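Asks: Here it is: the structure, laid out below.
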Amino acid sequence: GAGVSQSPRYKVAKRGQDVALRCDPISGHVSLFWYQQALGQGPEFLTYFQNEAQLDKSGLPSDRFFAERPEGSVSTLKIQRTQQEDSAVYLCASSLARGTDTQYFGPGTRLTVL
Amino acid sequence: AQKITQTQPGMFVQEKEAVTLDCTYDTSDPSYGLFWYKQPSSGEMIFLIYQGSYDQQNATEGRYSLNFQKARKSANLVISASQLGDSAMYFCAMREGMSSYKLIFGSGTRLLVRP
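As you go down the protein sequences, you meet chains A and B in turn. Start counting at 1 in the first sequence, then tack on 39, and there's your number in my numbering. Start counting at 1 in the second sequence, then tack on 2, and there's your number in my numbering.
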């Protein structure tokens with residue numbers, strides 16, 4: 040079956056622009072996660088959804104970052120007034136039921152803020 | 003303190019040989035899970051293998067095995083019979099606690115398989 044998909048794969052934004060990154064989890068997966076991966080580092084947790092409920096947003100770096108999953112399937116990570124330090128790969132992952140199940144990742148969106 | 007430490011930024015291995023990628027972890031929680039992911043240049047994190055803290059035997063998945071030494075807090079990945087397609091970044095990750103969902107990643111090891 041299809042894996043986790045993300046779009047766009049690459050995004051270039053001018054500083055101050057708003058961006059929206061989309062994640063389509065594996066069909067039927069209840070849990071969804073966003074991670075941020077800076078260049079040369081491992082991914083860092085941003086936020087966690089169980090169905091449409093955002094249960095943890097402790098990893099979001101600032102109030103410019105906002106994530107939603109209104110119907111419990113597709114999720115969007117929005118970054119307002121982008122800054123250069125937001126440049127990173129944003130990875131989405133999903134797991135079947137509980138958040139403790141194995142997480143399967145998408146290919147990521149590489150965001151470059153000029 | 004670092005929760006996950008991968009001390010090898012880069013490794014080389016000859017095709018068809020075995021290679022061990024090191025990972026040490028730090029937690030005081032008796033219940034945890036350890037993961038290895040592969041990240042090729044395409045960017046996707048591919049799940050390879052999982053070891054639970056209470057598992058009695060070392061995990062194996064095909065050519066991948068996890069050398070789990072609980073007392074030393076190490077969870078090294080062993081890849082047998084390396085293939086050119088194994089060239090990638092490899093990340094060790096931990097989930098602390100029975101009900102935890104956050105993965106904590108190390109900084110990764112870049113593996114290059116030589117023909």
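Every residue, glycine too, gets a C-beta built ideally from N, C-alpha and C. On a predicted model such as this, the values are computed, not experimentally measured, just so you know.
(1) Looking at residue 66/B and the ligand ZN, is the gap between the Cβ and the nearest heavy atom below 6 Å?
(2) Compare the C-alpha of residue 100/A against each of 133/A, 109/A and 77/A and name the closest.
(3) Mind pulling the chain B residues with CB within less than 9 Å of residue 87/A?
(4) I think residue 80/A touches residue 86/A, with their Cβ atoms under 8 Å apart; what is that distance to the nearest whole Å?
(5) Please name the residues in the region 56-80 of chain A whose beta-carbon is closer than 8 Å to at least one beta-carbon of chain B, in chain order.
(6) Helix or strand or just coil, what does DSSP make of residue 8/A?
(7) Measuring straight from C-alpha to C-alpha, what distance separates residue 105/A and residue 62/A?
(8) If we cut at 7 Å on Cβ distances, does residue 100/A have a partner in chain B?
(9) Mind listing, in chain order, the continuous beta strand (DSSP E) runs of no fewer than 3 residues lying wholly within the region 71-124 of chain A?
(10) Residue 93/A touches chain B at which residues, Cβ-Cβ below 8 Å?
(11) Return the CA-CA distance between residue 65/A and residue 29/B, expressed in angstroms with no decimal places.
(12) Nearest chain A C-beta to residue 162/B closer than 7 Å, yes or no?
(13) Run through the DSSP bridge pairs and tell me what residue 134/A is partnered with.
(14) In whole angstroms, what is the alpha-carbon distance linking residue 48/B and residue 56/A?
(15) Residue 118/A to residue 58/A, Cα distance in whole Å?
(16) For residue 9/B, collect the residues of the same chain with a Cβ closer than 6 Å to its Cβ; drop the 5 residues on either side in sequence, then sort them by chain order.
(17) Could you check whether the Cβ of residue 76/B sits closer than 7 Å to any Cβ belonging to chain A?
(18) Given this structure, state the Cα-to-Cα distance separating residue 6/B from residue 129/A, to the nearest angstrom.
Replies: Reading off the structure:
(1) Judged by which ligands are present, the structure shown has none, so any question about the ligand ZN falls away.
(2) Within the first sequence, the letter at position 61 stands for residue 100/A. Residue 100/A has its Cα closest to that of 77/A, out of 133/A, 109/A and 77/A.
(3) Against the first sequence, residue 87/A aligns to sequence position 48. Per Cβ cutoff of 9 Å: 103 and 104.
(4) In the first sequence, counting from the first residue as 1, residue 80/A sits at position 41. In the first sequence, counting from the first residue as 1, residue 86/A sits at position 47. Not confirmed; about 18 Å, so no contact.
(5) 70, 72, 74, 79 and 80
(6) Outside the displayed span of chain A (40 to 153) sits residue 8/A, for which this structure offers no information.
(7) To locate residue 105/A, count along the first sequence from 1; it is residue 66. To locate residue 62/A, count along the first sequence from 1; it is residue 23. When only Cα atoms are considered, residue 105/A and residue 62/A end up about 14 Å apart.
(8) Residue 100/A sits at position 61 when you count from the first residue of the first sequence. It does not: the Cβ of residue 100/A has no partner Cβ on chain B nearer than 7 Å.
(9) 83-89, 92-95, 104-107 and 114-118
(10) For this step, residue 93/A is matched to residue 54 along the first sequence. Per Cβ cutoff of 8 Å: no residues; residue 93/A is ~13 Å from chain B at best.
(11) Sequence index remark: in the first sequence, residue 65/A carries index 26 (1-based). Sequence index remark: in the second sequence, residue 29/B carries index 27 (1-based). For residue 65/A and residue 29/B, the distance between alpha carbons rounds to 31 Å.
(12) The requested residue 162/B is not part of the displayed model; chain B covers only 3 to 117.
(13) Position 95 of the first sequence holds residue 134/A. Answer by DSSP bridge pairing, in chain order: 70/A.
(14) Locating residue 48/B in the second sequence gives position 46, where the first residue counts as 1. Locating residue 56/A in the first sequence gives position 17, where the first residue counts as 1. Using only the alpha carbons, I get a separation of about 32 Å.
(15) Mapped onto the first sequence, residue 118/A falls at position 79. Mapped onto the first sequence, residue 58/A falls at position 19. Cα to Cα, the separation comes out at about 5 Å.
(16) Here residue 9/B refers to the residue found at position 7 of the second sequence. Cβ within range, chain order: 24.
(17) The residue labelled residue 76/B in the question sits at position 74 within the second sequence. Not an interface residue.
(18) Locating residue 6/B in the second sequence gives position 4, counting from the first residue. Locating residue 129/A in the first sequence gives position 90, counting from the first residue. C-alpha separation (whole angstroms): 21 Å.
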